[in-house]
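**Student:**
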């Protein structure tokens, strides 16, 4: 159900509740997390769950592409992503 998925994605999730986040929690390398400001598919809360899960990483870089949608439809968003 799409509504249930939207509620799930909009709430914080812990690594012990999600296999992907559990894998992130075990990752010890460098992390680049890129977020689109106006992403209609991946909510900010989901990004923050991933960010929190990478606690064992060597380094963490989190960038938000201002004005970007999920598909990076605008050329400026694509260029911003490439420059990250």
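In UniProt numbering, the protein residues as written are 1 to 84. Glycine included, C-beta positions come from ideal geometry on N, C-alpha and C.
For the candidate residues 28, 24 and 1, whose alpha-carbon lies nearest to that of residue 49?
**Tutor:** That would be 24, whose Cα lies nearest to the Cα of residue 49.
**Student:** Quick one: give me the first and last residue of the alpha helix (DSSP H) that residue 39 is part of.
**Tutor:** Note, residue 39: premise wrong, no alpha helix (DSSP H); not H, not E.
**Student:** Express the C-alpha separation of residue 36 and residue 28 in angstroms, rounding to a whole number.
**Tutor:** Roughly 25 angstroms separates the two Cα atoms.
**Student:** Taking 6 angstroms as the limit between beta carbons, can you name the residues of its chain near residue 72, skipping five residues before and five after?
**Tutor:** If we look at residue 72 and ignore the five residues flanking it on each side, its Cβ neighbours are 78 and 81.
**Student:** Report the three-state DSSP secondary structure of residue 84 (helix, strand or coil).
**Tutor:** Here residue 84 sits in coil by DSSP.
**Student:** If residue 41 and residue 62 are in contact, beta carbons under 8 angstroms, what's the gap, nearest whole angstrom?
**Tutor:** In fact, because the Cβ distance is near 18 angstroms, the residues do not count as touching under 8 angstroms.
**Student:** Looking at the unbroken alpha helix (DSSP H) that takes in residue 7, where does it start and where does it end?
**Tutor:** 2-9 is the extent of the alpha helix (DSSP H) around residue 7.
**Student:** Nearest by alpha-carbon distance to residue 20: which of 67, 39, 7 and 52 is it?
**Tutor:** Closest by alpha carbon: 52.
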